[in-house]
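Novice:
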Ligand SMILES: NC(=O)c1ccc[n+]([C@@H]2O[C@H](COP(=O)([O-])OP(=O)(O)OC[C@H]3O[C@@H](n4cnc5c(N)ncnc54)[C@H](OP(=O)(O)O)[C@@H]3O)[C@@H](O)[C@H]2O)c1
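Residue numbers (my numbering): 112 to 610.
1. For residue 175, which of helix, strand or coil comes out of DSSP?
2. Decide if the region 271-279 is in contact with the region 311-320; the criterion is three or more beta carbon pairs, one per stretch, under 8 Å apart.
3. Just the C-alpha distance for residue 96 and residue 479, rounded to the nearest angstrom, thanks.
4. Which runs of the beta strand (DSSP E) spanning at least 3 residues fall entirely within the region 494-579, listed in chain order?
5. Taking the alpha helix (DSSP H) that residue 476 belongs to, which residues open and close that run?
6. Taking 6 Å as the limit between beta carbons, can you name the residues of its chain near residue 173, skipping five residues before and five after?
7. Spell out the partners DSSP gives residue 216 in its beta bridges.
8. On the DSSP letters alone, give me the boundaries of the alpha helix (DSSP H) that residue 358 sits inside.
9. Which runs of the alpha helix (DSSP H), 4 residues or longer, sit entirely within the region 227-267?
10. What's the gap between the Cα of residue 600 and the Cα of residue 155?
11. Should residue 383 be counted as a contact of ligand 1 given a C-beta to heavy atom distance under 7 Å?
12. For residue 263 and residue 305, what's the separation of their Cα atoms in angstroms?
13. Report, in whole angstroms, the separation of the C-beta atoms of residue 441 and residue 395, which I expect to be a contact under 8 Å.
14. Say the cut is 7 Å; is the CB of residue 436 nearer than that to a heavy atom of ligand 1?
15. How is residue 162 classed by DSSP in three states: helix, strand or coil?
16. Please state whether the Cβ-Cβ distance between residue 525 and residue 551 is less than 8 Å.
17. So residue 149 is in the alpha helix (DSSP H); what residue range does that whole segment cover?
18. Give me the residue from 333, 505 and 584 with the minimum Cα distance to residue 546.
19. Identify the residues that DSSP records as bridge partners of residue 414: which are they?
20. According to DSSP, is residue 323 helix, strand or coil?
21. What residues in its chain sit with their C-beta under 8 Å from that of residue 257, if we drop five residues either side in the sequence?
22. Could you check whether the Cβ of residue 519 sits closer than 7 Å to any heavy atom belonging to ligand 1?
23. Please report how far the alpha carbon of residue 217 lies from the alpha carbon of residue 385, in whole angstroms.
24. For my contact list, residue 238 and residue 219 are in at a C-beta cut-off of 8 Å; report their separation, rounded to the angstrom.
25. Alpha helix (DSSP H) containing residue 431: first to last residue?
26. Where does residue 277 fall in DSSP's three states?
27. For residue 457 versus residue 405, is the C-beta spacing smaller than 8 Å?
28. Could you tell me whether any non-hydrogen atom of ligand 1 is closer than 7 Å to the CB of residue 331?
29. Quick one: grab the DSSP three-state call for residue 170.
30. Just checking: is the beta-carbon of residue 162 within a distance shorter than 8 Å of some beta-carbon in chain C?
31. Does DSSP classify residue 460 as helix, strand or coil?
32. Let me check understanding here. Comparing Cα to Cα, which of 554, 213, 201 and 203 lies closest to residue 193?
33. Who does residue 207 pair with in a DSSP beta bridge?
34. Which residues share a DSSP beta bridge with residue 132?
35. Could you tell me whether the region 531-539 touches the region 427-438, where touching means 3 or more Cβ pairs closer than 8 Å?
36. Does the distance between the C-beta of residue 328 and the nearest non-hydrogen atom of ligand 1 fall short of 7 Å?
Shown next as structure tokens:
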């Protein structure tokens with residue numbers, strides 16, 4: 112019997128003390144196969160894309176998704192950021208994953224069940240919070256907020272992520288304004304620029320990659336390696352084109368062990384040699400696997416000027432002629448994928464350096480300047496590849512092949528450190544990580560909405576201007592001349608050497 116206000120307070124306090132567990136449960140229906148939904152949700156690294164409180168996730172170990180996989184998740188809470196360490200404790204492929212998360216104030220067990228239905232599948236999400244003694248008394252008052260968070264994360268965040276109906280992005284007003292001035296545009300190349308984009312613009316990427324074949328050049332270091340790892344985790348069938356067999360084999364071994372993806376093949380080619388490009392094309396054509404995504408990423412900056420054993424200037428050979436030749440020759444396999452799956456994608460990795468240069472169609476091999484500069488030659492080739500991207504996009508529109516370019520901003524990679532040591536030293540603190548630099552490549556390969564747009568240059572998943580100043584704009588005649596030069600390139604000498 113409660114006979115005084117004080118007794119009432121004690122009663123409520125005791126009730127609160129008894130609450131040491133809070134359970135949330137949400138169920139959603141998704142019009143997609145259980146396998147696709149499970150693959151996305153079971154890898155808890157994706158929770159930052161849909162959980163309403165998660166602001167950061169990281170894998171804590173190098174192993175495939177399964178029992179024992181651990182993640183760090185940082186959640187926003189009213190009293191500050193809350194780091195949690197999650198571990199998968201039960202894993203039934205395509206059906207059930209159970210994770211235990213441990214933090215300062217509570218332990219939480221998340222049970223995710225995916226069950227096939229007539230129209231796709233049902234996802235049932237239960238989170239059971241066990242409060243630590245210091246928080247037990249507040250558990251009842253926290254519960255309503257927690258339920259709102261659970262609803263927002265599953266019914267809104269996860270449902271929208273899995274429905275995957277995002278629209279193709281347009282440039283934001285803020286970035287369009289930034290691109291009007293070179294210094295503000297360059298600020299976006301930094302780590303800060305990436306964080307700015309990530310926070311505001313990034314949609315989840317739940318498209319299933321298990322049935323997609325991605326060909327990626329330059330996978331042994333920097334951005335290419337970061338992309339290879341991301342795509343391997345997403346289950347894509349990968350063909351990595353690398354020039355060193357040893358490095359390539361070590362990479363495949365590492366990726367297979369780390370991600371559990373067994374579908375990783377190698378093609379060996381020095382891509383600055385057209386004979387090697389032709390060999391890769393012949394090998395892929397013989398295998399006949401449709402190519403859903405071709406990523407032309409391999410690149411380097413050459414100082415001093417050098418020519419290849421085929422007599423071509425290195426930058427021109429590797430950064431322009433090689434991706435041109437590879438892409439043109441692989442078009443039948445891209446088309447095969449487009450016919451089967453409704454689309455194929457080409458991603459050309461260019462560079463913000465191209466903003467400083469205009470196309471010099473009469474001097475593609477940097478022979479006519481008094482003094483050769485590797486950075487200038489590099490930037491001109493990237494400019495030309497951007498123009499080629501626009502031409503392909505137009506020419507192949509009816510083939511359902513989208514062709515886009517991206518630039519990564521400034522990312523801390525072995526290539527930048529070795530070819531631009533002074534720049535690297537000066538900008539070290541503001542450089543993006545390789546993963547941040549590769550993020551837009553990954554988005555262009557995976558995101559559904561990235562397949563709806565063609566002929567654009569992307570930075571941080573947003574189409575951006577291809578010219579910061581009018582002085583770099585080329586004429587229509589020069590563009591056509593570039594097309595003709597590349598289309599009519601006579602590589603007899605190289606082909607003879609290859610024979
Ligand atoms: N990092 C940046 O800030 C930045 C900025 C703008 C544009 N980019 C562009 O991003 C792409 C990746 O650059 P990154 O910074 O990641 O460079 P990176 O660390 O040097 O990696 C370059 C990759 O390309 C490969 N490669 C180089 N020459 C090759 C050849 N002749 N044949 C076959 N493969 C070759 C390298 O293989 P090895 O391991 O055998 O050397 C390596 O896997 C490049 O196209 C670059 O121009 C980068």
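We treat Cβ as the ideally placed atom computed from N, Cα and C, and that holds for glycine.
Specialist: A quick look at the data gives this:
1. coil
2. yes
3. Since the displayed the chain opens at 112 and closes at 610, residue 96 lies outside it and no answer follows.
4. 512-517, 568-570 and 573-575
5. Where residue 476 is concerned, there is no enclosing alpha helix (DSSP H), given that its DSSP letter is neither H nor E.
6. 369
7. According to DSSP, residue 216 bridges with nothing at all.
8. Taken as a continuous stretch (DSSP letters only), the alpha helix (DSSP H) holding residue 358 covers 356-370.
9. 244-247 and 250-262
10. 48 Å
11. yes
12. 26 Å
13. 7 Å
14. no
15. coil
16. no
17. 145-153
18. 333
19. None; residue 414 has no bridge partner.
20. coil
21. Excluding residues within five positions, the ones whose Cβ falls inside 8 Å are 133, 135 and 240.
22. yes
23. 60 Å
24. 6 Å
25. Neither: residue 431 is in no alpha helix (DSSP H) and is coded neither H nor E.
26. coil
27. yes
28. yes
29. strand
30. In the displayed structure, chain C is absent; only one protein chain is listed.
31. strand
32. 213
33. 203 and 224
34. BP columns for residue 132 point to 241.
35. no
36. yes
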